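Chemist:
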Amino acid sequence: MQTITDALELRLTEELLGRSRLLPTPHLMVDRRIVRANYRRLLGALAPCTVSYAVKANPDPGILATLAVEGCDFEVASEAEMRLALDAGAAPGRITSSNPVKPPSFVAAARAVGVRAFAIDSPAEVEKIAHHAPGSDVYVRIAVDNSESAWPLSRKHGADPNEAIALLGGAARQGLHPIGVTFHVGSQCLSPHAWRGALLHCARIWDEAERHGIALSLLNIGGGFPVRHLTQVPEAEEIGQVVRHHIRELFPADIRVAAEPGRGLVGSAGVLVAEVIGLADRGDERWAFLDAGVFNGLMETIGGIRYEFLTERTAESRIVTLAGPSCDSVDTIQTGVPMPEVEIGDRVYVMATGAYTLSYASEFNGFARPTVAYVDP
Ligand SMILES: Cc1ncc(COP(=O)(O)O)c(C=O)c1O
Numbered sequence: 471m472q473t474i475t476d477a478l479e480l481r482l483t484e485e486l487l488g489r490s491r492l493l494p495t496p497h498l499m500v501d502r503r504i505v506r507a508n509y510r511r512l513l514g515a516l517a518p519c520t521v522s523y524a525v526k527a528n529p530d531p532g533i534l535a536t537l538a539v540e541g542c543d544f545e546v547a548s549e550a551e552m553r554l555a556l557d558a559g560a561a562p563g564r565i566t567s568s569n570p571v572k573p574p575s576f577v578a579a580a581r582a583v584g585v586r587a588f589a590i591d592s593p594a595e596v597e598k599i600a601h602h603a604p605g606s607d608v609y610v611r612i613a614v615d616n617s618e619s620a621w622p623l624s625r626k627h628g629a630d631p632n633e634a635i636a637l638l639g640g641a642a643r644q645g646l647h648p649i650g651v652t653f654h655v656g657s658q659c660l661s662p663h664a665w666r667g668a669l670l671h672c673a674r675i676w677d678e679a680e681r682h683g684i685a686l687s688l689l690n691i692g693g694g695f696p697v698r699h700l701t702q703v704p705e706a707e708e709i710g711q712v713v714r715h716h717i718r719e720l721f722p723a724d725i726r727v728a729a730e731p732g733r734g735l736v737g738s739a740g741v742l743v744a745e746v747i748g749l750a751d752r753g754d755e756r757w758a759f760l761d762a763g764v765f766n767g768l769m770e771t772i773g774g775i776r777y778e779f780l781t782e783r784t785a786e787s788r789i790v791t792l793a794g795p796s797c798d799s800v801d802t803i804q805t806g807v808p809m810p811e812v813e814i815g816d817r818v819y820v821m822a823t824g825a826y827t828l829s830y831a832s833e834f835n836g837f838a839r840p841t842v843a844y845v846d847p
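Residue 471 is where the sequence shown starts when you use our numbering, and the numbers rise one by one after that.
1. Count the other CB atoms within 10 Å of the CB of T701; is the residue buried (16 or more) or exposed (fewer)?
2. Identify whether L638 lies in helix, strand or coil by the three-state DSSP scheme.
3. Check Y844 in the structure and name its three-state DSSP category.
4. Taking I789 as part of the beta strand (DSSP E), name the residues at either end of that continuous run.
5. Under DSSP, the beta strand (DSSP E) around P808 begins and ends at which residues?
6. Which of the three DSSP states, helix, strand or coil, is assigned to L498?
7. Which first and last residues belong to the alpha helix (DSSP H) in which F576 is found?
8. According to DSSP, which residues form a beta bridge with D543?
9. I believe L498 touches T827 by the beta-carbon criterion, under 8 angstroms. Please report the beta-carbon distance rounded to the nearest angstrom.
10. Spatial neighbours of I599 within its chain, please: C-beta separation below 7 angstroms, excluding the five flanking residues on both sides.
11. Around the Cβ of L493, are there at least 16 other Cβ atoms within 10 angstroms (buried) or fewer (exposed)?
12. Among residues of its own chain, excluding the 5 on either side of R783, which ones have a beta-carbon nearer than 6 angstroms to its beta-carbon?
13. Report yes if the C-beta distance between T652 and L686 is below 9 angstroms; otherwise report no.
14. Compute the beta-carbon to beta-carbon distance between G666 and H716, rounded to the nearest angstrom, for a pair I have assumed lies under 8 angstroms.
15. Sorry if obvious, but does the Cβ on S787 come closer than 8 angstroms to a heavy atom of ligand 1?
16. Tell me whether the beta-carbon of P808 lies closer than 9 angstroms to the beta-carbon of G763.
17. Figure out for me which residue from A739, I789, Q711, R503 has the closest Cα to the Cα of D848.
18. Could you give the DSSP three-state label for D751: helix, strand or coil?
19. Could you tell me the distance, in whole angstroms, from the CA atom of H682 to the CA atom of A641?
20. Closer than 8 angstroms: is that where the CB of R733 sits relative to any heavy atom of ligand 1?
21. Where are the alpha helix (DSSP H) runs, 4 residues long or more, that stay fully inside the region 591-672, in chain order?
22. Under the DSSP definition of a beta bridge, which residues are partnered with I565?
23. Between P562 and G584, how many whole angstroms is the CB-CB distance? I'm expecting something under 8 angstroms.
24. Per DSSP, E745 forms a beta bridge with which residues?
25. Output the boundary residues of the alpha helix (DSSP H) element that contains V736.
26. Going by DSSP in three states, N835 sits in which element: helix, strand or coil?
27. Which residue from S661, A822, R698 puts its Cα closest to that of S619?
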């Protein structure tokens with residue numbers, strides 16, 4: 471049995487390189503042993519807490535099946551994600567949707583298969599759920615400070631905390647069961663204290679709900695657990711310490727706590743393997759073009775996520791700009807990348823790319839999405 475001391479980050483092992491060399495690029499090498507170890511580590515760091523995998527981070531069936539066997543719950547944003555979770559063996563009662571704005575057809579389909587709990591953040595969503603999934607459990611998503619995260623999420627979603635009670639009360643009046651509060655500190659969150667601020671809002675709502683006769687039981691602390699790329703990030707245990715301390719201080723002892731990580735479970739378990747397809751000097755800038763770019767795997771670079779790029783060459787590094795294969799200039803992956811001189815046909819390994827690569831990838835310009843292969847047998 472694996473323990474949390476097992477590898478939590480996929481590196482360029484002989485095992486990985488050996489399997490990868492047999493495959494055409496681009497492909498994502500995934501080690502499910504690391505997904506499993508990340509899950510167990512987060513469970514331990516946040517205990518007592520359930521962990522619900524945000525399928526959007528990487529919906530590959532092999533990853534979902536691995537997590538289902540571990541006993542992980544699933545968070546889905548759409549009917550297609552829900553079907554994948556069910557196919558992986560998840561019981562409907564262990565699936566929730568924290569997407570605050572859901573297509574009505576998805577709500578109805580979720581209800582039909584037995585999914586019971588949904589996020590709300592507007593009166594329109596309350597009405598929609600009351601109509602298409604009457605009697606369901608609902609939890610209110612509040613907007614919280616996302617300024618500590620590299621990939622903020624809060625402008626589009628989340629009710630003002632001052633409106634939370636009205637939403638929960640409205641839900642109860644429409645026959646729904648208000649069960650809790652949720653938030654998202656933003657993806658790739660770089661400070662444990664972001665959770666502290668959010669928990670203070672939730673505690674205030676919790677107390678106020680009680681005064682209004684609404685007994686809440688679920689505190690969902692969302693995702694946001696970061697992955698190391700070029701700089702250190704807070705460890706799961708550091709975040710867990712802050713979260714557990716504030717939950718102990720601010721909430722009744724018998725509440726149910728859930729976390730909803732995506733990136734934190736799968737990001738470090740993947741390496742995207744691409745090939746150099748072109749080279750150019752533009753003034754004094756050296757460009758290397760890869761067969762995986764912004765549109766087919768590395769979309770998060772447009773939001774400022776910066777990856778570590780490795781090759782098998784050992785010469786001294788020079789600074790290059792990396793770009794993808796499409797005709798669009800937006801398809802410039804990263805500037806200022808230190809890399810030994812590469813040649814067309816060389817492979818480039820993009821580290822810690824298990825999350826938000828496959829799921830964001832398109833076939834723009836006819837360039838293939840990365841396939842998936844496993845390092846573990
Ligand atoms: C509702 C919800 N939950 C969980 C997540 C997962 O976040 P992360 O990958 O930062 O852990 C997201 C990401 O967009 C989300 O929207």
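C-beta atoms are modelled at their ideal positions from N, C-alpha and C, and glycine is treated no differently.
Since we're looking at a predicted model, the values are computed, not measured.
Modeler: In terms of the structure at hand:
1. exposed
2. Looking at L638 - three-state DSSP - the assignment turns out to be helix.
3. strand
4. 787-793
5. 802-810
6. strand
7. Unbroken alpha helix (DSSP H) run through F576: 574-583.
8. S522
9. Yes, L498 and T827 are in contact; Cβ-Cβ is about 6 angstroms, under 8 angstroms.
10. V577, F588, I590, S606, V608, L646
11. exposed
12. Closer than 6 angstroms at the Cβ level, and outside the excluded window around R783, lie P810.
13. no
14. Note that residue 666 is Arg in the sequence shown here, rather than Gly. Correct: roughly 6 angstroms between the Cβ atoms.
15. It does not: the Cβ of S787 is nowhere closer than 8 angstroms to a heavy atom of ligand 1.
16. No. Outside cutoff.
17. There is no way to answer for residue 848, as the model of the chain reaches only from 471 to 847.
18. strand
19. When rounded, the separation of the alpha-carbon atoms in H682 and A641 is 13 angstroms.
20. yes
21. 593-602, 634-643
22. The beta-bridge partner set that DSSP reports for I565 consists of F544.
23. 3 angstroms
24. Residue pairing by DSSP places E745 opposite R817 in a beta bridge.
25. 733-736
26. Correct three-state label for N835: helix.
27. S661
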